[in-house]
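If you're matching them up, the sequences are chains P and R in order. Take 1 as the starting number for the first sequence in this note's numbering and just add one per residue. Take 1001 as the starting number for the second sequence in this note's numbering and just add one per residue.
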Amino acid sequence: MEKEAILSKKAEEFLQIFKKGEEFTKDLIKENERLRFRIAQLEEAIESTGNEEKIRLYEEQIRMLNQEINSLTERYKKVEEENKDFAAKYVEVESENNNLANLYVASYQLHSTLDINEVLRIVMEIIINLIGAERFAIYLMDEKTNELLPVSVEGLNAQEMPKIKLGEGIIGRVAKDGESYFASNTDLASGKMDISKPFVCIPLKIKEHVIGVIAIFSLFVQKKAFTNIDYELFNLLAGHAATAIFSSKLYTQSERKLTTIQSFLDLLKEKPKR
Amino acid sequence: MPNILVVEDSPTMRQLIGFAVKRIPDSKVIEATDGVDALKKLSTQKIDIILADINMPIMDGLKLVSLVKNNPSYKDIPVIMITTEGAEEDKKRALAIGANAYLTKPIQTQELMKLVSSFLE
Chain P
1 MEKEAILSKK AEEFLQIFKK GEEFTKDLIK ENERLRFRIA QLEEAIESTG NEEKIRLYEE
61 QIRMLNQEIN SLTERYKKVE EENKDFAAKY VEVESENNNL ANLYVASYQL HSTLDINEVL
121 RIVMEIIINL IGAERFAIYL MDEKTNELLP VSVEGLNAQE MPKIKLGEGI IGRVAKDGES
181 YFASNTDLAS GKMDISKPFV CIPLKIKEHV IGVIAIFSLF VQKKAFTNID YELFNLLAGH
241 AATAIFSSKL YTQSERKLTT IQSFLDLLKE KPKR
Chain R
1001 MPNILVVEDS PTMRQLIGFA VKRIPDSKVI EATDGVDALK KLSTQKIDII LADINMPIMD
1061 GLKLVSLVKN NPSYKDIPVI MITTEGAEED KKRALAIGAN AYLTKPIQTQ ELMKLVSSFL
1121 E
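Structure representation (C-alpha cells):
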C-alpha cells in the first residue's frame, strides 16, 4: 500500500513535470512563431528600406549620367564645330595650295628660258592650261610706230589679227593706260566672240612701261567664269611675262650683236693677204 | 610605291600635274612628252596609273589609250585623260576607247589628287 502511494506520488510528480514541459514547449513554440513573424516583419522593413536606398542611389547615378551625357553632348557639339572649322580651313588651305602651285609653276616656267619664242610659248601654255582660254592673242608694242603687233595667236587666224594703234579700242586703251580690263560676267556668259572686244585685256608691264598686251576673246566651254586664281595669274602674267619677254628679247639681241662683233673681230684677226 | 606616268607635251602642265600627284605618299612621277614616249616608258618600267593629255604631237592621247587598253600587259592600268576638250562628245569618245576618267583643264590639283588616289587604292 505504501509502495503504491509512493508510486502514485511519483507518477503525479512526473505528470506535473511533463505538464510543465508541455507548457514550456507550447510557450517556446509561441515565442518561436512570434519571433518568426518579427523576423519576417524586420526582413520586410529592411527590404523596403534597402529599395529606397537603392532608388536613391540609382537616381543619383541617373542624375550624374545625365550630367555626363549633357557634358559629352556639349563637347561633341564643340568638337563637331571645330571639325567643321577644320574641314573649312582644310578646303581653304587646299585651294590656296592649288593657287600657289599654279602661280609657282607659271612663274618657274616663265623664267626658265631666255629664248623669246620659248617664253611666248610658255605664256600661251599658261593662258590655255591654267586659265582656260580658247582664243587669245599676245600683242607686243612696236616702239618705233607705237603700234601693238600680234606676235602669238591661239584659236584665231593670225593673218586676220590687225595691228592696233596705242589708245585705239579696248586693247589700245589698256596699252596706253596700263590698266587691266575685265568684261562683266554677263558678257562672259554670252560667249560672243569679237576680236575688237576682248573679255580680258592685260597690259604687260615693266614698272609703268607697257611692252605689250594679252587679249582673251573666249574661254573653253567648261570654263564658265573667272576665279580668284585667274586674277592672280593675270597679275603674275602682267609683271612676270613682261619681264621674261623683255629679258629674252634683250638676250636675243645681245646674242645677235655678240655674234656680229665676234665675226668682225675674227675678220680683223685674219692676216691681210698680199 | 605607285609609279605615275604623266603624258603631256606642255612642260607647264607636266610640272603642275607632277606637283599635285607627288603629294600622294611614296609616289614617283615619270614624265613622257607624247604617246610614243609614254609607250617606251611603259615597256621599261612598272606603271600604276597614266595621266594623259589628248592633244599631243607624234601620238595623241586617244591613240595611246587605245593601244594601252588593247595590250594584255597594260590593259588594267587606269588611264585618266586631262584635256582642254570640254565637250560631252569628247568625253564620251575617250571613255568609250577605255579611259577610266576624264578631267578638263584648268585642273584643280586637289581634285586630281583625289581621283588618282581613288584609282591607286
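Here a beta-carbon is modelled for each residue, glycine too, at the ideal position from N, C-alpha and C.
Residue-level contact to chain R via CB, residue 126 of chain P, 8 Å cutoff: yes
With 16 other Cβ atoms within 10 Å as the buried cut-off, status of residue 196 of chain P: exposed
Rounded straight-line distance, which links the Cα of residue 69 of chain P to that of residue 41 of chain P: 41 Å
Closer than 8 Å to chain R by CB, residue 242 of chain P: no
Nearest-angstrom Cβ-Cβ length linking residue 129 of chain P and residue 1013 of chain R, presumed shorter than 8 Å: 5 Å
Where residue 217 of chain P sits in the DSSP three-state scheme: strand
Length of the line joining the Cα atoms of residue 1087 of chain R and residue 224 of chain P: 13 Å
Whether residue 132 of chain P touches residue 220 of chain P by CB criterion (8 Å): yes
Local conformation of residue 25 of chain P per DSSP, three classes: helix
Residue 141 of chain P - containing beta strand (DSSP E), residue span: 133-142
Identified DSSP bridge partners for residue 1079 of chain R: R:1050
Beta-carbon proximity of residue 1050 of chain R to residue 1077 of chain R, cut-off 8 Å: yes
Cβ separation of residue 216 of chain P and residue 136 of chain P, assumed to be a contact under 8 Å, to the nearest whole Å: 4 Å
Three-state secondary structure assigned by DSSP to residue 78 of chain P: helix
Chain P contacts made by the region 1016-1044 of chain R, where a contact means CB separation under 8 Å: 1016, 1019 and 1020
Stretch-stretch touch, CB-based, cutoff 8 Å, three pairs: the region 1015-1023 of chain R with the region 258-266 of chain P: no
Simplified DSSP assignment, three categories, for residue 1102 of chain R: strand
Euclidean distance between Cα positions of residue 1084 of chain R and residue 259 of chain P: 41 Å
Proximity test, Cβ basis, 8 Å: residue 67 of chain P and chain R: no
8 Å Cβ cut-off: residues of chain P touching residue 1013 of chain R: 125 and 129
Min CB distance residue 275 of chain P to chain R below 8 Å: Residue 275 of chain P is absent from the structure shown; chain P starts at 1 and stops at 274.
Residue 1046 of chain R, buried or exposed, once every other Cβ within 10 Å from all chains shown has been counted against 16: exposed
Distance, residue 1035 of chain R Cα to residue 1057 of chain R Cα: 8 Å
Complete runs of the alpha helix (DSSP H) confined to the region 84-136 of chain P [at least 4 residues]: 116-125
Residue 275 of chain P versus residue 1025 of chain R - alpha carbon distance: Residue 275 of chain P lies beyond the residue range present for chain P, which begins at 1 and ends at 274; the question has no answer from this structure.
Simplified DSSP assignment, three categories, for residue 212 of chain P: strand
8 Å Cβ cut-off: residues of chain P touching residue 1087 of chain R: 221
Neighbour-count burial assignment, residue 122 of chain P, 16 or more Cβ in a 10 Å radius: buried
Minimum Cβ-Cβ distance from residue 1010 of chain R to chain P less than 8 Å: yes
Contact list for residue 239 of chain P against chain R, beta-carbon separation under 7 Å: Within 7 Å Cβ-Cβ: nothing; residue 239 of chain P doesn't reach chain R, min ~17 Å.
Near-chain P residues of the region 1084-1110 of chain R - C-beta to any C-beta below 7 Å: 1084, 1086, 1087, 1104, 1105, 1106, 1108, 1109 and 1110
Contact between the region 93-112 of chain P and the region 226-236 of chain P (3+ Cβ pairs under 8 Å): yes
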